[in-house]
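Quick note: the sequence shown uses the working numbering, first residue 523, plus one each step. Let me begin by presenting the structure, written as structure tokens, before commenting on it.
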Amino acid sequence: MTPLQPTYEIYAIRYATMTARTPQMNHLSPDPHETTASDLDYFVWLIRGKDRDILVDTGFNEAASKSRKRVLDINPVDALARFGVQAENLRDVIITHLHYDHAGNLDRFPRATFHLQDREMSYATGRCMCSGVLRHPFSAEDVTLMVRHVYDERVTFHDGEGEVAPGVTLHRVGGHSDGLQVVRVATTRGPVVLASDASHYFANMHRRSPFPIIYNVGDMCNGWALCERLAGHPDRIIPGHDPLVRKLYRRVEGGIDAYALHEEPSHSFMRFDAPEAPQFS
Ligand SMILES: [Zn+2]
Ligand SMILES: [Zn+2]
């Protein structure tokens, strides 16, 4: 008899929000009639199995908050502690890509192995970083810390597809950053895809409208299709920065801004094609 594949719980933990955005900041070619734009939420994602926790991305810290003038509501490490998860005990941390808001705090996980795509490390340490427009979302300090982890044999590199645990797989999409990867997680409602910055907002993917921070537009467009194939249903794709996640998913009890992604959302995107579809943003 084939053993049942394990399933996991997933929590999106919001640790910061950027307000006062414009349509030009959220879409490469915004609809000219649009005058308002969604806030940008910052999340890390916690995958909880029977006997192991896996963290997806590590957020930014107070120093980055000050230098980039972003309000940090809580350091993700402290948010995890409130959730009952001690950063120093985590063994597996997936880094979707090395942008400052996904790969800070790398000194706070002393026992972790970091899961990263080959191409992300090459991109973040290679010639593209000589261009300000491509370098801007990276922090030399974060990237240097990741290099130190490589030298300490604490990075597991993946090339395209990879597996972190049974039912938790990685898939390179590139596009936004050359080595960006998404995470597919088996849950009781089917496979959920943590798209991270493959789609900042639901609207980027649904409207096929790229977010303006891009390395390769073609890879970004192909990445949306890959996310859809991996998830098998639009309600099982979770964008990286959309405040709509907080409206669609159940907020967990307690003093932490976390949402249960392994549970069904309150509204289905399958019905959003209708003209009377609810508008959240
Ligand atoms: Zn990014
Ligand atoms: Zn991001």
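Built from N, CA and C at the ideal position, the CB exists for glycine as well.
Rounded to whole angstroms, what's the CA-CA distance from T647 to T541? Just pull it up for me. On the sequence shown, position 125 is the one that residue 647 refers to. On the sequence shown, position 19 is the one that residue 541 refers to. Annotation: T647 to T541 spans about 31 Å, alpha carbon to alpha carbon.
Just curious, the beta strand (DSSP E) that T709 is in, first and last residue? As a working mapping, residue 709 is identified with position 187 in the sequence shown. Q703 to T709 is the span of the beta strand (DSSP E), which, as asked, contains T709.
Alpha-carbon to alpha-carbon, F565 and G682: Mapped onto the sequence shown, residue 682 falls at position 160. Mapped onto the sequence shown, residue 565 falls at position 43. C-alpha separation (whole angstroms): 24 Å.
Report the residue from E685, H755 and N738 whose alpha carbon sits nearest the alpha carbon of V714. Counted from its first residue, the sequence shown places residue 714 at position 192. Taking only the C-alpha atoms, the option nearest V714 is H755.
Does the segment 757–764 come close enough to the segment 723–739 that 3 or more CB-CB pairs lie under 8 Å? Because the criterion of three Cβ pairs below 8 Å is met, the segment 723–739 and the segment 757–764 touch.
With the cut-off set at 8 Å, would you say D614 and V686 are in Cβ contact? Your numbering for residue 614 matches position 92 in the sequence shown. Your numbering for residue 686 matches position 164 in the sequence shown. In this structure, D614 places its C-beta atom within 8 Å of the C-beta atom of V686.
Should L562 be labelled buried (16 or more other beta-carbon atoms within 10 Å of its own) or exposed? Taking the first residue of the sequence shown as position 1, residue 562 is located at position 40. That one is buried.
Quick one: what's got a C-beta closer than 6 Å to P545's C-beta in the same chain, skipping five residues either side? Numbered from its first residue, the sequence shown carries residue 545 at position 23. Cβ within range, chain order: P552, E556 and A559.
Can the beta-carbon of A720 be found less than 8 Å from the beta-carbon of C749? By 1-based counting over the sequence shown, the position of residue 720 is 198. By 1-based counting over the sequence shown, the position of residue 749 is 227. Contact flag set, yes.
Which stretch, first to last residue, makes up the alpha helix (DSSP H) that contains E663? On the sequence shown, residue 663 is found 141 positions in, with the first residue counted as 1. From DSSP, the alpha helix (DSSP H) with E663 extends over A662 to Y673.
Say yes only if the C-beta of S661 is nearer than 7 Å to one or more non-hydrogen atoms of ligand 4, and no if none qualify. Judged by which ligands are present, ligand 4 is missing from the structure shown, whose ligands are ligand 1 and ligand 2.
Do D595 and Y537 have their CB atoms nearer than 8 Å? Counting from one through the sequence shown, the residue named residue 595 turns up at place 73. Counting from one through the sequence shown, the residue named residue 537 turns up at place 15. Yes; because the gap between Cβ atoms is below 8 Å, this pair is in contact.
Cβ neighbour criterion (16 or more within 10 Å) applied to G697: As a working note, residue 697 is residue 175 in the sequence shown. Residue environment: G697 is assigned as buried (16 or more neighbouring CB atoms within 10 Å of its CB, all protein chains considered).
In chain order, what are the residue ranges of uninterrupted beta strand (DSSP E) at least 3 long that sit wholly in the segment 721–795? Segments of the beta strand (DSSP E) lying fully in the segment 721–795: 759–761 and 780–782.
May I ask you to check if the CB of H763 is nearer than 7 Å to at least one heavy atom of ligand 2? Sequence index remark: in the sequence shown, residue 763 carries index 241 (1-based). If you check the C-beta of H763 against ligand 2, you find a heavy atom less than 7 Å away.
Could you pull out every residue in the same chain whose Cβ sits closer than 6 Å to the Cβ of Y645, ignoring the five residues on either side in sequence? Indexing the sequence shown from 1 puts residue 645 at position 123. Once the five neighbours on either side are set aside, the close Cβ partners of Y645 are D700 and G701.
Would the beta-carbon of D623 be found less than 7 Å away from any heavy atom of ligand 2? Position 101 of the sequence shown holds residue 623. Yes, since a heavy atom of ligand 2 falls inside the 7 Å radius drawn around the Cβ of D623.
For S644, report the span of its alpha helix (DSSP H) as first-last. Along the sequence shown, one-based indexing puts residue 644 at 122. Boundaries of the alpha helix (DSSP H) around S644: D640 to T647.
Decide if H658 is buried, meaning its Cβ has at least 16 other Cβ atoms within 10 Å, or exposed. As a working mapping, residue 658 is identified with position 136 in the sequence shown. H658 is classed as exposed because its beta carbon has fewer than 16 other beta carbons within 10 Å across all chains shown.
According to DSSP, residues forming a beta bridge with S718: Here residue 718 refers to the residue found at position 196 of the sequence shown. Per DSSP, the beta bridge partners of S718 are P761.
In the segment 543–574, which residue ranges form an unbroken beta strand (DSSP E) of at least 3 residues, counting only runs that do not cross its ends? The qualifying runs are 562–570.
Counting beta carbon pairs with one atom in the segment 598–605 and one in the segment 563–582, are three or more of them shorter than 8 Å? With three or more CB-CB distances shorter than 8 Å, the segment 563–582 counts as touching the segment 598–605.
Look up L594 in the DSSP assignment and give the residues it is bridged to. Walking along the sequence shown from the start, residue 594 turns up at place 72. In DSSP, L594 forms a bridge with A538.
Return yes when the Cβ of Y622 is within less than 8 Å of the Cβ of S661, no when it is not. Taking the sequence shown and counting its residues from 1, the one referred to as residue 661 is at position 139. Taking the sequence shown and counting its residues from 1, the one referred to as residue 622 is at position 100. Yes; because the gap between Cβ atoms is below 8 Å, this pair is in contact.
Within the present structure, is the beta-carbon of D700 separated from the nearest heavy atom of ligand 1 by less than 7 Å? For this step, residue 700 is matched to residue 178 along the sequence shown. Every heavy atom of ligand 1 is 7 Å or more from the Cβ of D700, so no.
Just to check, is the beta-carbon of I735 closer than 7 Å to a non-hydrogen atom of ligand 1? Locating residue 735 in the sequence shown gives position 213, where the first residue counts as 1. Between ligand 1 and I735, a heavy atom-to-CB distance of less than 7 Å is present.
Indicate the three-state DSSP secondary structure (helix, strand or coil) for R694 in the structure shown. Along the sequence shown, read from residue 1 onward, the residue named residue 694 stands at position 172. Strand at R694.
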